[in-house]
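According to the working numbering, the sequence shown is numbered sequentially starting from 321.
Built from N, CA and C at the ideal position, the CB exists for glycine as well.
Have a look at the structure below, then the notes.
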Amino acid sequence: MHSNSCKYFIRINWDVYENHCPLNKFIRQVVDFKNNSQNYSNVSYLKAIVDENNEALKNIGCAVYKGYTRLTAYDEEDRKTFCDYLNLWLDEQKNKHKTVIPNVIIEKWGLIENLWNKLNEIANSNRKCERKGNDKNESEIKKRIDLMVYCVNRNYFKGLCKKAISLKRSVNRYCSLFSKFTDKYYTKFSNENKCIDDTLDPDNYRYNVFEDCDLNNMAVTFPKFNFKTNEFVYDDESRIQSEKCPSTSDLIVGDAGIDVGGADVDVDLPKVDVDLGVADDGPVILDSDPNKIILAAHHASPVQSSIDNGTSKSIYYSGLSLSGVFFTSMVLYKV
Numbered sequence: 321m322h323s324n325s326c327k328y329f330i331r332i333n334w335d336v337y338e339n340h341c342p343l344n345k346f347i348r349q350v351v352d353f354k355n356n357s358q359n360y361s362n363v364s365y366l367k368a369i370v371d372e373n374n375e376a377l378k379n380i381g382c383a384v385y386k387g388y389t390r391l392t393a394y395d396e397e398d399r400k401t402f403c404d405y406l407n408l409w410l411d412e413q414k415n416k417h418k419t420v421i422p423n424v425i426i427e428k429w430g431l432i433e434n435l436w437n438k439l440n441e442i443a444n445s446n447r448k449c450e451r452k453g454n455d456k457n458e459s460e461i462k463k464r465i466d467l468m469v470y471c472v473n474r475n476y477f478k479g480l481c482k483k484a485i486s487l488k489r490s491v492n493r494y495c496s497l498f499s500k501f502t503d504k505y506y507t508k509f510s511n512e513n514k515c516i517d518d519t520l521d522p523d524n525y526r527y528n529v530f531e532d533c534d535l536n537n538m539a540v541t542f543p544k545f546n547f548k549t550n551e552f553v554y555d556d557e558s559r560i561q562s563e564k565c566p567s568t569s570d571l572i573v574g575d576a577g578i579d580v581g582g583a584d585v586d587v588d589l590p591k592v593d594v595d596l597g598v599a600d601d602g603p604v605i606l607d608s609d610p611n612k613i614i615l616a617a618h619h620a621s622p623v624q625s626s627i628d629n630g631t632s633k634s635i636y637y638s639g640l641s642l643s644g645v646f647f648t649s650m651v652l653y654k655v
């Protein structure tokens, strides 16, 4: 009984710590649509948005207002992080509501962008959050958000561990939190990224957020902790690096070494269900995303071909010619 109670306490304690990460708290405030709508619908800057009588548009507008006004109260480091997240979140929502849930017509998104511009105009000069939109698809944005959230939260737990070491107090407790956190998300990201596809993502948008937040370097991005020396380990061999995804140009058929072009592929890719436990309104992965179709082709089994069309035609016609000569010779011989 005591053992089960202890395990339950540890699990609850872990959840509390992870939910207490500053970025996680900020995210929950942004996506709290119900409270944000109740608290900010009457704000003058949101009047044009509210007057549209579109629930989705109002929720997003109130979320942007809450997020922007909230982040300006933080120090420079947190403010930059929250600004980056709010930009990515809005891009994700914009992409989702224009394609997957088209309940906000494209023209109305200008109202959200105008709101951001107004908030930027009235913000203190050294506390602004510039709008940095991008043209990435929703699944790419979601992957970048997930990696960024992990890395920011990792640094939070790392800070707790370092502080405990400097104070020489509760080192095992706080550094265990760091170690468990990086282990948990190393497994998660490894399972979700069996290989790194730089052919579809040459700028590493999905895989690299900042220097030590890069899926191209798993050992650094998911460091271990040595409890004997109280040091962070950035080259642990247990962190297996994901390999590069094979490209279509790498597909070789048989011993003849014939390069195979694109084959007809029946694509039915599984949805990626990503949940960092920080937002209730998760994005929807697009089934019709052309990048996924290309990715599926990269991993499709090559189709073996013994001979190309041009050569087969030549042999076919040559065979007909030889058969004709032989038949004519036989007829003349009999005559």
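Beta-carbon proximity of residue 506 to residue 559, cut-off 8 angstroms: Cβ distance < 8 angstroms, so residue 506 and residue 559 count as in contact.
Residue 386 to residue 566, Cα distance in whole Å? Approximately 44 angstroms between the Cα atoms of the pair.
Return the CA-CA distance between residue 399 and residue 550, expressed in angstroms with no decimal places. Computed Cα separation, rounded: 30 angstroms.
Report the start-end ranges of each alpha helix (DSSP H) in the region 390-426 that is 4 residues or longer and not cut off at the edges. Qualifying alpha helix (DSSP H) stretches, in chain order: 396-419.
Beta-carbon within less than 6 angstroms of residue 563's beta-carbon, same chain only, minus the 5 sequence neighbours each way: which residues are those? 515
For residue 664 versus residue 450, is the C-beta spacing smaller than 8 angstroms? The displayed coordinates of the chain run from 321 to 655. Any statement about residue 664 would go beyond what the structure contains.
Report the three-state DSSP secondary structure of residue 528 (helix, strand or coil). strand
Output the boundary residues of the alpha helix (DSSP H) element that contains residue 540. 538-541
Ignore the nearest five residues each way along the sequence and tell me which others in residue 454's own chain have a CB closer than 7 angstroms to its CB. By the criterion of a C-beta distance shorter than 7 angstroms, residue 454 is surrounded in its chain by 411, once the five residues flanking it on both sides are discounted.
Own chain residues within Cβ distance below 7 angstroms of residue 429, not counting five before or after: 414
Specify the secondary structure class of residue 346 as computed by DSSP and reduced to three states. helix
Classify residue 454 as helix, strand or coil using the three-state DSSP reduction. Assignment of residue 454 by DSSP, reduced to helix, strand and coil, places it in the coil class.
Who are residue 544's beta bridge partners in DSSP? Answer is 553.
The region 533-542 in contact with the region 480-487 per 3-pair CB rule at 8 angstroms: Between the region 533-542 and the region 480-487 there are fewer than three C-beta pairs closer than 8 angstroms, too few to call the two in contact.
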